[in-house]
Amino acid sequence: IGEAPAPDAPAVGSLTVLLSGREGGALPAAALHYAEGRLLPAAGPLADRM
86 IGEAPAPDAP AVGSLTVLLS GREGGALPAA ALHYAEGRLL PAAGPLADRM
């Protein structure tokens with residue numbers, strides 16, 4: 086949001102991951118109304134990547 090950083094600016098920031106705690110990864114239908122919600126099923130379980 087706002088102005089683009091200078092090319093030599095340090096990379097800083099954070100990422101927040103919200104977990105629902107749902108077993109099986111089934112999302113409520115309302116989650117599929119958002120682009121992020123539609124991407125989650127394609128990502129698969131996080132445990133597969135550890």
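The numbering of the sequence shown is our numbering, which starts it at 86 and goes up by one.
Beta carbons: idealized from backbone N, C-alpha and C, even for Gly.
Since the structure is predicted, the reported quantities are computational estimates derived from the model, not experimental observations.
Check: G87 to V97 span [Cα, whole Å]; Outcome: 16 Å
Check: A91 versus R123: straight-line alpha-carbon distance, rounded; Outcome: 33 Å
Check: Straight-line gap, A120 to L100 (C-alpha atoms, nearest Å); Outcome: 17 Å
Check: Reduced DSSP category for L117 - H, G, I as helix; E, B as strand; rest coil; Outcome: helix
Check: Alpha carbon of L125 to alpha carbon of P113, nearest angstrom; Outcome: 12 Å
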